[in-house]
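J.: Numbering (this note's numbering), first residue to last: 549 to 897. Have a look at the structure that comes next, please.
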Ligand SMILES: Cc1cc2nc3c(=O)[nH]c(=O)nc-3n(C[C@H](O)[C@H](O)[C@H](O)COP(=O)(O)O)c2cc1C
C-alpha cells in the first residue's frame, strides 16, 4: 500500500520533515511584557508536536519591542528570550517534529490586537494609518530602515542559538514587510518606494541579512499575502515576480496567505480558498509552497500535496481544536505513522 502523500517526508536543505503538515503560526498573546515564552507556550507547542505535526511554526515573534502586535507577543529582541524558546525547541524535536519561528515586525499595525496600549507612534513606510481611528505612523528614514534590517539579523542569530530548524519571515497580513511591498501602504519616492522592484527592496534586504547568519543547511521560509483583495493593491503576478527574487536570495519555500493590508476581505471564503495562490506561485516561480486557510479534512490536505498544488499544508484553527489532528488524519488515510510510545495502547487498530 502506498503512503498517502500527506504522510511522506520532505527534505529541504538539511532538514527532513516527517510529513507535510504544518502548524500555522498563531499569536497566542500569552507572553509576559518581557516577550519571553512561558510554560504555557511549552505545553501548547509540545501538544502539537506529540500530535504528529511535521513542522511547528511558532507564532509571530517580534524582532523589536515596537514591532509587536500586542504587549503579550513573543519576542527575540534580547538574549534573555533565547532559553525559554530553546527549551520548547529541544522538547519538540525530541518528539520528532521540526520547529521554526516566525519572525515579525508589525509596523503600522503595532498593537493591533490591543490598540489602547500601543507605542506612541508606530513606524511604517509612509504616514498612512491602517484605517480610520488608527495611529498615524512615522515614516521610516533610511537610517531607521538600516537599524530595522540589523534587528532582523540579530533576531535570526538568536533563533539560531535557540536551535530552531526553520525561520519564517513574516511578510504577509499587512505587517511591516507587506506595508513596504504594497502600493496601498507605500507612497515613498526613494529607493524603497514606487516600482515593484523598489517596494520589494526592504524584504529582499531582510532576507539577505537573515540568510547571511542563518546556517546553509537550515530552510528559510517567507509568508506572503498573495493578493491585497483590493483595487490598486498587490496581485498574484506581483507576488510571482517577488518570489523569483526571494528564491534567488536564498528563500526555500513561500507560505501563501492573503489580505491584511487594509480592511478589505474576500466576499466569501470556503475550504482551501487560498490553495490556488500556492499552486500559481509554485508553478510560475518554480519554488516550493505551503497552502493555508480553511484546510480541515485529511482528504483535502492530502489532495493538495498529492496534486502538486503545494508541498506543505498549514493548519491553524483546526490544530487549536484538535492537537492530535495528524494522528487522526493518518488513521483516516491508512498511513503508517509512529505514535508517541506512551500513547500506543490507545492507537486504533
Ligand atoms: C488566533 C490566531 C492568531 C494568528 N496569528 C498569526 C501569526 O502570528 N502569524 C501569521 O502569519 N498568521 C497568523 N494567523 C493566521 C493563521 O496562521 C492562518 O493563516 C489562518 O488562521 C488561516 O488558517 P486556518 O483556516 O487553518 O485557521 C493567526 C490566526 C489565528 C486564528
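By construction, the Cβ of each residue, glycine as well, lies at the ideal position given by its N, Cα and C atoms. Keep in mind that this is a model prediction, so the values were computed, not measured.
1. Given a cut-off of 7 Å on the beta-carbon distance, is the pair residue 722 and residue 657 in contact?
2. Do you know offhand how far residue 743's Cα is from residue 773's?
3. Ordered along the chain, which non-local residues of its own chain (more than five positions away) have a Cβ less than 6 Å from that of residue 718?
4. With a cut-off of 8 Å on the beta carbons, I'd call residue 762 and residue 812 a contact; round off their distance for me.
5. Short check: CB of residue 816 to CB of residue 735, under 7 Å?
6. Cβ atoms of residue 646 and residue 563: under 7 Å apart, would you say?
7. Using the Cα positions of residue 834 and residue 792, report the straight-line distance between them to the nearest angstrom.
8. To the nearest angstrom, how far is it from the Cα of residue 699 to the Cα of residue 881?
9. Find out if the Cβ-Cβ distance for the pair residue 733, residue 809 is shorter than 7 Å.
10. Within this structure, are the beta carbons of residue 636 and residue 706 separated by less than 7 Å?
11. Who are the Cβ neighbours of residue 820 in its own chain at under 8 Å, not counting the five residues just before and after it?
12. Given the structure, does residue 607 come close to ligand 1, in the sense that its CB is under 6 Å from one of the ligand's heavy atoms?
13. Name the residue from 701, 814 and 642 whose alpha carbon lies nearest to the alpha carbon of residue 758.
14. Per DSSP, which residues does residue 837 bridge with? Please list them.
15. Compute the distance between the beta-carbons of residue 620 and residue 578, then report whether it is under 7 Å.
16. Helix, strand or coil for residue 872, going by three-state DSSP, please let me know.
17. List the residues that DSSP assigns as beta-bridge partners of residue 771.
18. Could you please give the first and the last residue of the uninterrupted alpha helix (DSSP H) stretch that includes residue 727?
19. Using the C-alpha atoms, what's the distance from residue 618 back to residue 666?
20. Does ligand 1 have a heavy atom nearer than 6 Å to the CB of residue 573?
21. Quick check: the Cα distance between residue 708 and residue 558, rounded to an integer number of angstroms?
22. Going residue by residue through the segment 604 to 645, where are the continuous alpha helix (DSSP H) segments of at least 4 residues, counting only ones entirely within it?
T.: If we stick to the structure as given:
1. Cβ distance < 7 Å, so residue 722 and residue 657 count as in contact.
2. Note on geometry: alpha-carbon atoms of residue 743 and residue 773 lie some 18 Å from one another.
3. Within the same chain, residue 718 has close Cβ partners 608, 650, 652 and 771.
4. Actually they are not in contact, since the Cβ atoms of residue 762 and residue 812 sit about 34 Å apart, beyond 8 Å.
5. In this structure, residue 816 keeps its C-beta atom at 7 Å or more from the C-beta atom of residue 735.
6. Yes, they are a contact pair.
7. One C-alpha to the other measures close to 8 Å.
8. Cα to Cα, the separation comes out at about 44 Å.
9. With respect to the 7 Å criterion, residue 733 and residue 809 are classified as neighbours on the basis of their beta carbons.
10. Residue 706 sits away from residue 636, with the two beta carbons spaced by 7 Å or more.
11. Here the set comprises 839, 841, 842, 843, 848 and 852.
12. It does: the Cβ of residue 607 is within 6 Å (strictly closer) of some heavy atom of ligand 1.
13. When C-alpha distances from residue 758 are compared across 701, 814 and 642, the shortest belongs to 701.
14. Answer by DSSP bridge pairing, in chain order: 802.
15. Yes, the pair counts as a contact, with Cβ atoms nearer than the cut-off.
16. In this structure, residue 872 counts as coil in the three-state DSSP scheme.
17. According to DSSP, which records beta bridges pairwise, residue 771 is partnered with 718 and 803.
18. Its alpha helix (DSSP H) spans residues 724 to 729.
19. Here the alpha carbons of residue 618 and residue 666 stand approximately 7 Å from one another.
20. Because some heavy atom of ligand 1 lies under 6 Å away, the Cβ of residue 573 counts as near it: yes.
21. When rounded, the separation of the alpha-carbon atoms in residue 708 and residue 558 is 21 Å.
22. Scanning the segment 604 to 645 for uninterrupted alpha helix (DSSP H) segments of 4 residues or longer gives 630 to 642, listed from N- to C-terminal end.
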